[in-house]
Amino acid sequence: MASPLAQFEIKTLIPLHVGGYDISFTNSALFMAFTVIAVMVFMTAGMRKGALVPGRWQLSVEMCYEFVANMLHDTAGREARKYFPFVFTLFMFILFANLIGMVPYFGFTFTSHIAVTFAMASFVFIGVTLIGLFKHGFKFFLLFVPKGAPLALMPLLVLIELVSYLSRPISLSVRLFANMVAGHTMLKVFGGFVVALGVLGVVPFAFIVALTGLELLVACLQAYVFAILTCMYLNDALHLH
Amino acid sequence: MPQLDPAVFLPQIFWLFIIFGLIYLFIAYSAAPKITQVLERRQDRIASDLQEAEQLQAQAEEARAAYEKALEEARAKASSTVAAKREAIKADIEAEYNKLSEKLGGEAATAEAKIAKAKNKALDEVRTMAADVCKDIILSVSGLELDEKIVSANVDSKFDAVKGNANG
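Each protein sequence line maps, in turn, to chains A and B. Each residue of the first sequence is one higher than the last, beginning at 34 in this note's numbering. Each residue of the second sequence is one higher than the last, beginning at 16 in this note's numbering.
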């Protein structure tokens, strides 16, 4: 029987090397493409009519839109409006990636790769830091100075703030990565039990059914968490304290 | 763990940026504006519908006020008409009454004058008769033929006293 971690293996589909760098098209990239196509189909077909009174499909597209729009507005305020397309894209991309990864036999979850999540988290981190620097200039570093703290403790507090700020991309990426890995590994492990236990396998099978429900929830929740943390970081950059 | 193999990093990150870039462009320039437009149009429609409803309500309110005013006016007009008619009828009745009572008063006066005339005539006749009777009685009792003028003067004086009593 295959290892529960075999599902995370990267298989090269189209080998591609440019200037000594390996940029092969892999199963991971393929599922990114599937995700993007799914998002495009979901939105284009949903908004095809653009009806005044929305149907079910259109309503679900609108709900996604309004959900992210409200989240961004409530956490980061009005100035963050111009970053809405990015946050919306991020949310939809991760959500669909996680959900497609849940399809049995077929799905590959590229959000279970630290390289992918860390790349996204770093992009958010660097982007937010640049936004803060452009908006506030040198004052941006006041973000690391807690208000009303005693002067004697300042060096220590600034150090703590700095470390916590720099660890943001790590916590953001590891949270999504670990959740996906844990969920899918657990499903695989219990899937192995179903086969190994024969008739008694109904017990782990029932557990898998319940776990799949939980994992669907986690898939949505982690997309939400990633998006709302992005909004919070954006808020910090836009408004400092 | 296959995820920790550095060989899988670059190809994934490369394609992630390309594919994420694509979907970002799609959402930012096509999907999101379309949804925004639809939502805004709906919002506008709701706002305009609400405004229209408000306007119609104001109109209805106005119509109601106009109706009430008209009703009030009609009522006032009706009551004033009734009052005027009543006044007119009252005046008519008064005029008729006055006319009638005047007429009756005139007839009564005429009748009274007739009665008075008849009474005076009757009294004169009674007086003449009384004078004749007195003269006849005195003639038969004493055999004296009295002058008619003396008798009638005496009778007249007595009579005037009686008449004064009767008339007084």
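Ideal Cβ placement from N, Cα and C applies to all residues, glycine included.
* Contact list for LYS92 (chain B) against chain A, beta-carbon separation under 8 Å -> Contacts between LYS92 (chain B) and chain A, judged by CB atoms closer than 8 Å, are missing: the closest CB pair is about 51 Å apart.
* Asked: Secondary structure at ALA168 (chain B), three-state DSSP: helix, strand or coil?
  -> Helix, per DSSP.
* Asked: For a contact meaning CB atoms closer than 7 Å, what does GLU42 (chain A) contact in chain B?
  -> The contacting residues are PRO17.
* Asked: Who are the near neighbours of ILE261 (chain A) in its chain, counting only those whose CB is closer than 7 Å to its CB and skipping five residues on each side?
  -> Non-local beta-carbon contacts of ILE261 (chain A) in its own chain, meaning distances under 7 Å to residues more than five positions away in sequence, involve MET104, THR108 in chain order.
* What separation, rounded to the nearest whole angstrom, lies between the Cα atoms of GLY110 (chain A) and THR263 (chain A)? -> The C-alpha of THR263 (chain A) is placed about 13 Å away from the C-alpha of GLY110 (chain A).
* DSSP bridge partner residues for PHE58 (chain A) (one or two, in chain order) -> In DSSP, PHE58 (chain A) forms a bridge with A:ILE47.
* Got a sec: which bits of the stretch 90 to 111 of chain A sit with their beta carbon under 7 Å from any beta carbon on chain B, in order along the chain? -> When C-beta distances to chain B are compared with 7 Å, the residues of the stretch 90 to 111 of chain A below that value are VAL94, GLU95, TYR98, in chain order.
* With respect to the alpha helix (DSSP H) encompassing TYR266 (chain A), which residues constitute its N-terminal and C-terminal limits? -> First-last of the alpha helix (DSSP H) with TYR266 (chain A): 235 to 272.
* So what's LYS168 (chain A) in DSSP terms, helix, strand or just coil? -> Assigned with DSSP and collapsed to three states, LYS168 (chain A) falls in helix.
* To do: Spell out whether any CB of chain B is found under 8 Å from the CB atom of PHE126 (chain A).
  => For PHE126 (chain A), the nearest beta carbon of chain B is closer than 8 Å to its own beta carbon.
* **Exposed unless 16 or more other CB atoms sit within 10 angstroms - verdict on ASN169 (chain B)** => Result: exposed.
* Are any of the Cβ atoms in chain B nearer than 8 Å to that of GLY83 (chain A)? -> It does; some Cβ of chain B falls within 8 Å.
* To do: For SER167 (chain B), count neighbouring C-beta atoms within 10 Å of its own C-beta (all shown protein chains included) and say buried if the count is 16 or more, exposed if not.
  => By the neighbour-count criterion, in which a residue is buried when 16 or more other Cβ atoms sit within 10 angstroms of its Cβ, SER167 (chain B) is buried.
* Quick one: grab the DSSP three-state call for HIS217 (chain A). => Secondary structure at HIS217 (chain A): helix, using DSSP grouped into helix, strand and coil.
* Would DSSP call MET125 (chain A) helix, strand or coil? -> DSSP places MET125 (chain A) in the helix class (H, G or I) of the three-state scheme.
* In chain order, each beta strand (DSSP E) run of at least 3 residues that lies wholly inside the stretch 132 to 183 of chain A -> Taking only runs of at least 3 residues, no beta strand (DSSP E) segment lies wholly in the stretch 132 to 183 of chain A.
* **VAL53 (chain B) versus VAL72 (chain A) - alpha carbon distance** => The straight-line gap from Cα to Cα measures roughly 18 Å.
* Which chain B residues are close to PHE141 (chain A), counting only those with a beta carbon under 7 Å from its beta carbon? -> Near PHE141 (chain A) there are no residues of chain B at all, since even the closest Cβ is about 11 Å away, more than 7 Å.
* Asked: Based on Cα-Cα distance, which residue from B:ALA47, B:LEU31, B:ALA137, B:VAL23 lies nearest to ALA130 (chain A)?
  -> Its Cα nearest to that of ALA130 (chain A), the residue B:LEU31 stands out among B:ALA47, B:LEU31, B:ALA137, B:VAL23.
* Asked: For a contact meaning CB atoms closer than 9 Å, what does GLN27 (chain B) contact in chain A?
  -> Result: ILE43, THR59, SER61, ALA62, MET65, PHE143, HIS146, ALA148, VAL149, ALA152.
* To do: Quick one: which unbroken alpha helix (DSSP H) runs of 4-plus residues sit fully inside the stretch 86 to 134 of chain B? Chain order, please.
  => As far as the stretch 86 to 134 of chain B is concerned, it has no whole alpha helix (DSSP H) run of at least 4 residues.
* Does any residue of chain A bring its CB to less than 8 Å from the CB of LEU65 (chain B)? -> No, LEU65 (chain B) lies away from the interface with chain A (no Cβ there is under 8 Å from its Cβ).
* To do: Determine, using beta carbons only, whether LYS49 (chain B) comes closer than 8 Å to chain A.
  => It does; some Cβ of chain A falls within 8 Å.
* Asked: So, is the C-beta of ASP55 (chain A) closer than 8 Å to a C-beta in chain B?
  -> So, interface residue.
* Could you tell me how far apart the beta carbons of GLU248 (chain A) and MET135 (chain A) are, in whole angstroms, since I believe they sit closer than 8 Å? => About 6 Å; that satisfies the 8 Å criterion.
* Buried or exposed: which applies to SER145 (chain A), given that a residue is buried once 16 or more other Cβ atoms fall within 10 Å of its Cβ? -> Result: buried.
* **Best match in A:LEU267, A:PHE151, A:PHE156, A:THR142 for proximity to ILE203 (chain A) [C-alpha to C-alpha]** => In this structure, A:PHE151 is the residue among A:LEU267, A:PHE151, A:PHE156, A:THR142 with its C-alpha nearest to the C-alpha of ILE203 (chain A).
* Asked: DSSP on ALA290 (chain A), reduced to helix/strand/coil?
  -> What the structure shows of chain A is the stretch from 34 to 274, and residue 290 (chain A) is not part of that stretch, so it cannot be assessed.
* Asked: Where are the beta strand (DSSP E) runs, 3 residues long or more, that stay fully inside the stretch 31 to 71 of chain B, in chain order?
  -> None, since the stretch 31 to 71 of chain B contains no complete beta strand (DSSP E) of that length.
* Pick from A:ILE147, A:PHE167, A:ILE193, A:VAL222: whose alpha carbon is nearest that of PRO37 (chain A)? -> When only C-alpha atoms are compared, the closest one is A:VAL222.
* Report the three-state DSSP secondary structure of ALA22 (chain B) (helix, strand or coil). => In the structure shown, ALA22 (chain B) falls within a helical segment according to DSSP collapsed to helix, strand and coil.
* Asked: When the distance is taken between beta carbons, is THR162 (chain A) closer than 8 Å to ALA270 (chain A)?
  -> A contact, by the Cβ cut-off of 8 Å.
* Asked: Is the beta carbon of TYR266 (chain A) less than 8 Å from the beta carbon of ARG201 (chain A)?
  -> TYR266 (chain A) places its beta carbon less than 8 Å from that of ARG201 (chain A).
* Measure the beta-carbon distance from ILE43 (chain A) to PRO48 (chain B) and round it to whole angstroms, keeping in mind my assumption that it falls under 8 Å. => Not really, about 36 Å apart at Cβ, beyond 8 Å.
* **Below-8 Å beta-carbon distance, ALA80 (chain B) vs any chain A residue** => Taking Cβ atoms only, chain A never reaches closer than 8 Å to ALA80 (chain B), which makes this a no.
* Do you know offhand how far CYS149 (chain B)'s Cα is from GLY120 (chain B)'s? -> Those two C-alpha atoms are separated by around 42 Å.
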